[in-house]
Amino acid sequence: MQPVEMGTYTAEGNQFLTFTLGAEEYGIEILKVQEIKGYSAITHIPNAPPHVKGVMNLRGTVVPVVDLRAKFSMEPVEYTKFTVIIVVMVGQKIAGLVVDAVSDVLNIAAADVRPAPDFGARCDTRFISGVVSIGDKLAVLLDINKLLCEEEIAGAAGGH
Amino acid sequence: MARTILIVDDSASMRQVVAFTLRQAGFAVLEGANGQEALHQLGSQRVDLIVTDLNMPVMDGITLIRNVRGKPNTRAIPVLMLTTESQDAKKQEGKAAGATGWIVKPFHPEKLLQTIARVLP
Amino acid sequence: MQVDLNRFRETFFQESAEHLAEMEAGVLKLDQGAFDPELLNGIFRAAHSIKGSSGMFGLDEVSRFTHALESLLDRIRAGEIPVTKPLSDLLLRATDRLRQLLDAAASGGPVPEGIESVRDELHLAQRVQSPAGGEPVRLRESDRDMTTAARQIYQVHFRPAAEIFAQAMDPLLLLRDLARLGESASIQADCTALPELSGLDPERCYLAWNIRLETAKPAEEVRDVFAFVEDGAQIRIEVEELKPAAEVAAPAAAVAQPVNRDASIRVATSKVDRLVDLVGELVIAQSMAHAIVHDFSMARLGELQESIAQMERYTHDLQERVMSVRMLPISHIFGRFPRLVRDISVQLSKNVRLEISGEDTELDKGVVEQMADPLTHLIRNAIDHGIESSEERMRRGKPEQGLIRLAAFHQGGSVVVEVSDDGGGLNLERIQNKAVERGLVPSSEVLSEAQICDLIFSPGFSTSQQVSNLSGRGVGMDVVRRNVEALNGSVSLSTEPGAGTKIRIQLPLTLAILDGLSVRVGAETYLLPLVAIHESIRPRPEQLKTLTGRGEAVLVRGDALPLLRLHQLFAISGAIGDPCRGLTVIVEHAGQRFALLVDELLGEQQVVIKSLEANYRKVEGVLGATILGDGRAALILDVAGLAPTARHENLDRAA
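Chains as they are written, first to last, in my numbering: chain A, 7 to 166; chain B, 10 to 130; chain C, 22 to 676.
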């Protein structure tokens with residue numbers, strides 16, 4: 007089992023935006039979230055990784071859209087007008103994350119975050135910064151910078 | 010009512026500096042890049058003092074001074090020439106043409122204000 | 022009162038750069054033998070202006086240096102010193118030094134080396150011909166305020182010149198100034214010269230004044246009050262001692278401070294005026310549309326449509342004009358080349374002249390600035406490798422002096438910059454051999470002339486026997502091409518062995534607006550740069566060929582053009598696969614044409630280019646993105662990026 011790196015938290019805690027993908031709950035730091043918008047037309051980009059669905063128009067700026075279900079190898083669903091896109095800031099760039107629904111904004115104390123359990127062969131857990139109990143559910147906290155890492159967003163060797 | 014000074018110089022940076030200094034001191038400022046533009050301004054605006062460079066294209070300072078002194082509605086306007094110390098002959102010409110006084114370049118903005126105070130009531 | 026001049030320094034440095042360019046251009050002309058009083062006056066005025074303004078900003082080094090230069094120029098234009106080659110050399114060197122000085126002043130860096138020695142040379146040059154043994158003029162020390170110890174009483178008698186009013190000087194002001202100088206003053210008018218009213222000329226001054234002034238100020242200052250009116254006046258100042266007072270020393274002149282240089286643009290006021298007008302029109306059109314909507318009925322639909330169309334026109338115009346604010350004439354960078362050519366020719370002992378045309382051609386500021394280095398490299402190359410030595414040229418029956426032509430002009434929606442020389446041209450065979458040697462091309466392949474020329478731009482390619490330290494510093498043709506393509510431009514080369522070489526750079530007029538043709542492939546919309554498009558055809562079956570080992574091609578007027586299936590390249594489903602039922606758009610890049618298969622043409626439109634890399638990354642074959650009228654993002658295809666695919670894709674598939 008690999009030790010998972012914990013992100014840096016202040017003693018008081020951080021605010022997280024939680025959202026759902028299927029039956030599972032996830033969270034990302036609110037400071038990284040620029041806005042939440044409804045679904046908008048996505049233009050396909052040739053030769054992109056399967057979870058990069060394409061680009062969308064965000065008030066005149068062309069922004070890539072990542073489907074987290076695809077990223078986590080989950081069953082794809084059809085996008086409807088209720089589909090939500092969370093616009094996040096990754097370094098100097100912005101990107102959109104397609105999720106099922108947004109849940110809440112929560113204050114999470116650093117003390118309550120536990121290291122992620124081993125998901126086995128399921129996925130690369132570098133981008134999970136920990137898990138936390140919310141009510142009777144377990145929410146998986148994501149490190150956005152590691153999630154949307156270089157090969158998706160900044161170009162270089164990967165891809166075609 | 011604020012008094013108006015017309016600054017005439019083909020150097021934009023010079024005009025900017027002078028205009029800024031004058032406005033800080035409470036004057037209203039008009040600008041011209043050469044004698045011709047200055048006359049144009051004088052034709053339609055009330056001017057209390059003219060500060061002019063001598064070397065300018067289209068119409069130089071001396072010719073401007075002559076023109077100013079030659080017209081009834083502008084002949085009483087004090088005129089200060091901007092000269093350099095090597096331009097003594099030009100300075101004399103300017104005086105002969107009717108310049109009220111002069112300021113030697115380079116000058117400290119304070120000096121400009123002091124000199125203006127000498128020729129403006 | 023504190024007056025902060027720093028905000029104006031930017032303008033001063035911009036202006037000085039212009040004056041400096043004028044000076045250099047003028048001296049170069051002098052160098053070439055043009056002796057024209059107006060030319061000399063122009064050079065003198067430029068130096069004079071820099072001198073005057075630099076003093077204002079406390080740039081004493083610049084001021085002193087320019088003063089020496091100005092004095093020399095003054096003597097030259099007065100005909101006292103003849104213009105010789107060594108003299109114009111000195112003037113050129115002085116211009117360089119001045120540029121260095123100004124750059125150092127702008128960045129707050131140290132004064133560069135060698136300024137003193139050039140200044141001495143300038144002084145020396147003045148002495149050469151002057152009969153009076155010309156002494157260099159010394160700048161006056163900046164005024165230092167010193168009050169003397171004692172307070173004194175001055176008895177001042179002032180009778181102004183009778184014509185004092187003609188100077189628009191009111192003697193009352195002088196008396197007021199005198200009074201202000203001191204702690205007390207008593208003034209008495211002397212009316213002895215006043216005539217009878219009938220004989221009085223109101224424009225003459227008949228009065229005189231006697232003033233008793235108590236002040237600690239020195240006599241010079243008292244005298245100075247009358248500085249403007251000394252001529253023709255009677256002024257007497259007599260002193261009586263009183264008691265001592267404190268000494269005051271004044272602060273020194275302002276210290277030059279480094280400037281924060283924000284990038285800025287100088288724009289013609291007419292351009293700005295037109296923009297202001299347009300915005301006004303747009304606002305009016307908008308409120309008209311608003312009014313119609315507010316009180317709408319179907320009968321007014323036509324009115325509304327017209328109103329919106331009007332707004333579109335204004336917005337379009339506004340867009341273009343705002344972009345054009347960033348436009349600079351290419352003379353901005355062309356200006357440095359006459360000097361460059363002269364210097365390099367001397368360095369390489371070649372006899373070359375430079376002809377420039379189209380300096381007024383305007384380009385986006387960013388593009389212009391980026392073109393400086395590539396063009397410099399191309400010109401260096403032309404002199405170094407293109408133009409032959411004088412002997413060689415004479416042997417070939419060419420004029421001894423080599424010619425390099427630099428031209429810029431608009432063509433279609435682009436700007437074209439051409440660098441051509443009448444030198445020896447390129448040895449096509451040697452180039453091809455080198456390419457084969459380097460494994461860039463298979464030895465069996467037959468290449469067209471255009472393709473061989475294009476090899477020059479391959480990375481690391483160089484056929485010169487010795488890489489001279491001028492052009493061989495890793496700034497290769499491949500870098501030139503990369504730089505040009507980064508600007509959405511293209512570069513190609515043509516040559517005639519023995520006669521010369523021409524390099525053609527094509528650049529977009531603005532960085533951000535593209536004239537495009539939108540096409541549909543499946544459910545996707547793409548844009549193709551109009552400038553790259555030749556024509557579009559629906560081929561007949563007999564025009565389609567599959568060439569063994571080469572892939573698919575379309576025969577157009579005898580030429581077999583590689584066919585690129587966009588639906589395959591971009592993995593788009595639901596697209597038309599049969600070229601005879603779709604459309605092939607014939608595009609061109611670097612002299613080569615190929616065909617793109619699409620479903621249908623949707624129409625021409627002008628679009629604003631949005632960066633894909635800003636938030637995503639560079640995608641092969643994609644130049645950028647844009648937002649369509651319906652709000653969707655659409656990709657703009659990069660013909661240059663697709664070209665190699667057109668070649669190789671077909672090769673691969675056929676294999």
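No residue lacks a Cβ here, since even glycine has one placed at the ideal position from N, Cα and C.
Model, not experiment: these values are computed from the prediction.
Out of the options, which has the shortest C-alpha to C-alpha gap to residue i?
i, options, result
"Cys226 (chain C)", "C:Arg180, C:Gly73, C:Ala611", "C:Arg180"
"Thr397 (chain C)", "C:Met498, C:Lys292, C:Ser435, C:Glu184", "C:Met498"
"Gln613 (chain C)", "C:Ala581, C:Leu644, C:Lys566", "C:Ala581"
"Leu171 (chain B)", "B:Gly79, B:Arg127, B:Gln96, B:Asp97", "Summary: the structure shown does not reach residue 171 (chain B), with chain B confined to residues 10 through 130, and so no result is reported for it."
"Leu196 (chain C)", "C:Asp245, C:Leu384, C:Ile408, C:Gly100", "C:Asp245"
"Val297 (chain C)", "C:His315, C:Gly323, C:Thr336", "C:Thr336"
"Gly97 (chain A)", "A:Leu154, A:Met80, A:Glu30", "A:Leu154"
"Asp19 (chain B)", "B:Thr61, B:Ala85, B:Val113", "B:Thr61"
"Ala127 (chain C)", "C:Phe34, C:Arg416, C:Ser75", "C:Phe34"
"Gln626 (chain C)", "C:Leu528, C:Ile365, C:Asp536, C:Pro420", "C:Asp536"
"Gly120 (chain B)", "B:Ser22, B:Arg12, B:Ala34, B:Asn76", "The sequence shown places Lys at residue 120 (chain B), not Gly. Of B:Ser22, B:Arg12, B:Ala34, B:Asn76, the residue nearest in Cα terms is B:Ala34."
"Asn53 (chain A)", "C:Ser513, C:Ala654, C:Tyr637", "C:Tyr637"
"Asp222 (chain C)", "C:Ile558, C:Pro560, C:Glu184, C:Met190", "C:Glu184"
"Ala553 (chain C)", "C:Asn454, C:Ala616, C:Arg559, C:Ile648", "C:Ala616"
I'd like to check one pair, residue j with residue i: are the Cβ atoms closer than 7 Å?
i, j, result
"Gln6 (chain A)", "Met95 (chain A)", "Given that chain A is displayed from residue 7 to residue 166, the structure contains no residue 6 (chain A) and the question cannot be resolved."
"Leu15 (chain B)", "Ile59 (chain B)", "yes"
"Met77 (chain C)", "Pro66 (chain B)", "no"
"Ala667 (chain C)", "Pro583 (chain C)", "yes"
"Arg14 (chain C)", "Lys386 (chain C)", "Lying outside 22 to 676, the shown extent of chain C, residue 14 (chain C) is not represented and no answer is given."
"Val131 (chain B)", "Gly41 (chain B)", "Because chain B here runs from 10 to 130, residue 131 (chain B) falls outside it and cannot be looked at."
"Gly446 (chain C)", "Glu556 (chain C)", "no"
"Gly44 (chain B)", "Phe249 (chain C)", "no"
"Gln389 (chain C)", "Leu349 (chain C)", "The displayed chain sequence assigns Val, not Gln, to residue 389 (chain C). Yes, these two residues count as a Cβ contact at 7 Å."
"Gly79 (chain C)", "Ile64 (chain C)", "no"
"Ile100 (chain A)", "Val69 (chain A)", "yes"
"Ala655 (chain C)", "Lys631 (chain C)", "no"
Just verifying my parser: in three-state terms, what is the DSSP assignment at residue i?
i, result
"Pro265 (chain C)", "The predicted model places Pro265 (chain C) with a pLDDT of 44, which falls under 50 and marks its position as unreliable; any figure quoted below should be read in that light. Strand at Pro265 (chain C)."
"Gly537 (chain C)", "strand"
"Gly521 (chain C)", "strand"
"Gln432 (chain C)", "strand"
"Ala654 (chain C)", "strand"
"Asn82 (chain B)", "coil"
"Ser207 (chain C)", "strand"
"Ile48 (chain A)", "coil"
"His57 (chain A)", "coil"
"Val138 (chain A)", "strand"
"Gly301 (chain C)", "helix"
"Thr638 (chain C)", "Looking at the sequence provided, one finds Arg at residue 638 (chain C) rather than Thr. In the structure shown, Arg638 (chain C) sits in coil (DSSP, three-state: anything other than H, G, I, E or B)."
"Gly598 (chain C)", "coil"
"Arg197 (chain C)", "helix"
Name the two residues that bound the continuous alpha helix (DSSP H) containing residue i.
i, result
"Val246 (chain C)", "Neither: Val246 (chain C) is in no alpha helix (DSSP H) and is coded neither H nor E."
"Gln123 (chain B)", "118–128"
"Glu341 (chain C)", "322–346"
"Ala183 (chain C)", "Premise fails: Ala183 (chain C) is in no alpha helix (DSSP H) and is neither H nor E."
"Gln627 (chain C)", "Per DSSP, Gln627 (chain C) belongs to no alpha helix (DSSP H); it is in the beta strand (DSSP E), 621–629."
For the beta strand (DSSP E) containing residue i, name the first residue and the last one.
i, result
"Glu556 (chain C)", "554–558"
"Phe22 (chain A)", "20–27"
"His610 (chain C)", "604–610"
"Met65 (chain B)", "Element bounds for Met65 (chain B): n/a, residue is neither H nor E."
"Arg233 (chain C)", "229–236"
"Ala126 (chain C)", "Here Ala126 (chain C) belongs to no beta strand (DSSP E); instead the alpha helix (DSSP H) covers 106–128."
"Val111 (chain A)", "107–114"
"Ile150 (chain A)", "From DSSP, Ile150 (chain A) is part of no beta strand (DSSP E) but of the alpha helix (DSSP H) over 150–153."
Q.
With a threshold of 8 Å, are at least 3 pairs of Cβ atoms found where one atom belongs to the region 131–151 of chain A and the other to the region 25–34 of chain A?
A. Flag = yes, the region 131–151 of chain A and the region 25–34 of chain A touch.
Q) Using 8 Å as the threshold, is the region 412–431 of chain C in touch with the region 374–391 of chain C, meaning 3 or more CB pairs across them? A) As far as the Cβ criterion goes, the region 412–431 of chain C touches the region 374–391 of chain C, which means the pair count is three or higher.
(Q) Taking contact to mean 3 or more Cβ pairs, one atom from each stretch, closer than 8 Å, check whether the region 247–257 of chain C and the region 212–220 of chain C are in contact. (A) The region 212–220 of chain C and the region 247–257 of chain C do not touch, with fewer than three beta-carbon pairs separated by less than 8 Å.
Q.
Measuring CB atoms only, is the region 457–465 of chain C touching the region 408–417 of chain C, in the sense that at least three cross pairs come out at less than 8 Å?
A. Output reads no: the region 408–417 of chain C does not touch the region 457–465 of chain C.
Q. Should the region 52–70 of chain C be regarded as contacting the region 91–98 of chain C, the criterion being three or more beta carbon pairs within less than 8 Å?
A. Flag = yes, the region 52–70 of chain C and the region 91–98 of chain C touch.
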